[in-house]
Every structure is written in structure tokens, then in C-alpha cells.
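J.: I have a structure I would like to understand better, so I am pasting it below and will then ask my questions one at a time.
Shown next as C-alpha cells:
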């Protein structure tokens, strides 16, 4: 992996907005500009998985023009979870206080970022939630909404967690949480990554707060999500319940 050639940032007390990309050439410029507008004090890290459409090159151009935008180039697709883990390691090594997961396709509205960052002053983890009062979706089919709501209900029931949107990907983390979780232990690379991260934070006793967001369907490009990916993720919930809980219990004994 290689990153952009800025002077290495001092992330102390700053937020890092982590944006994974793969074939997002139409979105990367607009989303970076939108994020910079609403949270000008934050830094942005674009994590590109060697996009064949040239997204990585466009991100490099954005970085060259803006000292608060950085790019981490990965050799290829290894799953969304691995992209975020690499972003977290990059940010932790540079001292960032708050690290946020953020989609490149505008399904996560930048307008929520200031509130999420403020919430991290009191909470350990903040989740942009579709399934709490005030949250919701736009332009979703009835079947997609049913799959998502039932998936989250199933996962939180199996895991015994109060978080209503366990599959949410708009998430903010205080660095102390990521440092405590031991990122090398995270097993999930795909969709289940979102569930596993929240579950491990829950088992460690960290405070997780949900904020309502409205989640629209993407308008440009093609979604990376499919029913197969969703069901594969949900199939791992029982594995997470037993394996991860056993690991956490063993840690407490040690």
C-alpha cells in the first residue's frame, strides 16, 4: 500500500473521515468537496482499491490540491472491512482523535457529520441509524427495506445488543475504542464487518449512541451491496456470538 505524498499530518484532536472507493470516479470529487464544506476542520482519507476506472488518480489530484485530503492506495479489492481497517491503522498511527466511516456515493449525507463529531465528545461510538425514530430511507424498494430491517433485528436479537441498526456503515469511533479492540483480531472482511465491530465495542462496555439519519439510494454508479453479500453477513452472526464472546471472556480472565 502507498499513500499520497503530503507532509505527514498531525491528527491530534482532529477528525479523519475515511472514504473507501472502488470505481467511484463520478463521486469522489463531489463527495470530497461536500465533506470539506461542512467539516472544514477535518481531514479526509480516500482509500482506493486500485479502481480500474481511475478513481485513485482523481483522488491523488484532489490530494495534491488540498493539504487536508490524503489517499491510501491498496493493491486490489479485499472487502470493505479490510479497507476500513487499513484506514483506521493509518489514522491511529497519525494521532487522529475521531475516525469516521463514510460512503463515497452520497448515501451518507455530509450534513450529518458535524452532529456525529459532536456526539463523539460524549459517546464512544456513534451510529448513523436508519431504524431509530427520525431515521429512514429514500427511494428504497419495499423488499430492500424489509431485508435490511429484518437483518438488523435478527442480528441484534442473536447478539443481545440494543443497537437498532447493526448493519449501518455510517459510524464514528473514538480512537480509544479502536485502540482497545485490537484490530488484528477483526475477522470479517465483508458486510459482517459492521456487525462485528459494533459487537466487540459492546462487549468491551463502550457507549454506543445512535443518531437518526435518512439514507437515500445512490444516484450515481453501482451499489456494491447484494442480497448474497447481506445473507452471507447475517449467516456469520452466530459465529460472531460464540467466537467473539469467547475471545472477550478469555481476555477478561487473562
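Numbering (the numbering used here), first residue to last: 8 to 261.
Heads up, the beta-carbon is just placed ideally off N, CA and C, and yes, glycines get one too.
No experiment lies behind these values; they were computed from the predicted model shown.
Return helix, strand or coil for residue 108, following the three-state DSSP convention.
T.: Counted from its first residue, the chain shown places residue 108 at position 101. In this structure, residue 108 counts as strand in the three-state DSSP scheme.
J.: In angstroms with no decimal places, state the Cα-to-Cα distance between residue 27 and residue 256.
T.: The residue you call residue 27 lines up with position 20 of the chain shown. The residue you call residue 256 lines up with position 249 of the chain shown. If you take the alpha carbons of residue 27 and residue 256, they lie about 32 Å apart.
J.: Could you please give me the residues that DSSP links to residue 181 through a beta bridge?
T.: Walking along the chain shown from the start, residue 181 turns up at place 174. Paired residues: 105.
J.: Between residue 187 and the rest of its own chain, which residues show a CB-CB distance below 8 Å, the 5 nearest in sequence each way excluded?
T.: Position 180 of the chain shown, counted from the start, is the residue given in the question as residue 187. Counting only Cβ-Cβ distances below 8 Å, and skipping sequence neighbours, we find 211, 213.
J.: Span of the alpha helix (DSSP H) holding residue 48?
T.: Within the chain shown, numbered from 1, the residue matching residue 48 stands at position 41. Run containing residue 48: none; DSSP gives neither H nor E here.
J.: Quick one: Cα of residue 217 to Cα of residue 89, how far?
T.: Stepping through the chain shown from its first residue, residue 217 is reached at position 210. Stepping through the chain shown from its first residue, residue 89 is reached at position 82. Cα to Cα, the separation comes out at about 24 Å.
J.: Kindly indicate which residue of 105, 112, 52, 194 has the alpha-carbon position closest to the one of residue 130.
T.: Within the chain shown, numbered from 1, the residue matching residue 130 stands at position 123. Measuring from the Cα of residue 130, the nearest candidate turns out to be 105.
J.: I'd like to know if the segment 69 to 85 and the segment 131 to 141 are in contact, where contact means that at least 3 CB-CB pairs between them fall below 8 Å.
T.: Contact between the segment 69 to 85 and the segment 131 to 141 is absent, with fewer than three C-beta pairs closer than 8 Å.
J.: Count the other C-beta atoms from every protein chain shown that fall within 10 angstroms of the C-beta of residue 246, then say buried if there are 16 or more, exposed otherwise.
T.: For the purposes of this step, residue 246 is taken as the residue at position 239 of the chain shown. By the neighbour-count rule (16 or more Cβ atoms within 10 Å), residue 246 is not buried but exposed.
J.: Nearest by alpha-carbon distance to residue 100: which of 182, 85, 110, 127 is it?
T.: Position 93 of the chain shown, counted from the first residue, corresponds to residue 100. Selected option, being the one with the closest Cα: 182.
J.: Could you check if residue 45 is buried or exposed, using at least 16 other CB atoms within 10 Å of its CB as the buried criterion?
T.: Within the chain shown, numbered from 1, the residue matching residue 45 stands at position 38. Exposed, by the Cβ-count rule.
J.: List the endpoints of the continuous beta strand (DSSP E) containing residue 27.
T.: Mapped onto the chain shown, residue 27 falls at position 20. Looking at the DSSP string, the run of the beta strand (DSSP E) that includes residue 27 is 22 to 28.
J.: If you check the beta carbons only, do residue 141 and residue 219 fall under 7 Å apart?
T.: To locate residue 141, count along the chain shown from 1; it is residue 134. To locate residue 219, count along the chain shown from 1; it is residue 212. Yes; because the gap between Cβ atoms is below 7 Å, this pair is in contact.
J.: Residue 257 by DSSP, collapsed to three states: which one?
T.: Here residue 257 corresponds to residue number 250 of the chain shown, with the count starting at 1. Looking at residue 257 - three-state DSSP - the assignment turns out to be helix.
J.: Should residue 31 be flagged as near chain C, meaning a C-beta pair shorter than 7 Å?
T.: Of the protein chains in this structure there is only one, and it is not chain C.
J.: How about residue 144 and residue 159: do their beta carbons lie closer than 7 Å?
T.: As a first step, residue 144 is located in the chain shown; it is residue number 137 there, counting from the start. As a first step, residue 159 is located in the chain shown; it is residue number 152 there, counting from the start. Contact flag unset, no.
J.: Out of curiosity, what's the CA-to-CA distance linking residue 39 and residue 51?
T.: Within the chain shown, residue 39 is the residue found at index 32, counting from 1. Within the chain shown, residue 51 is the residue found at index 44, counting from 1. Rounded to whole angstroms, residue 39 to residue 51 spans 8 Å at the Cα level.
J.: If the criterion is Cβ atoms closer than 7 Å, does the pair residue 117 and residue 53 meet it?
T.: As a position in the chain shown, residue 117 is number 110, starting the count at 1. As a position in the chain shown, residue 53 is number 46, starting the count at 1. Contact: no.
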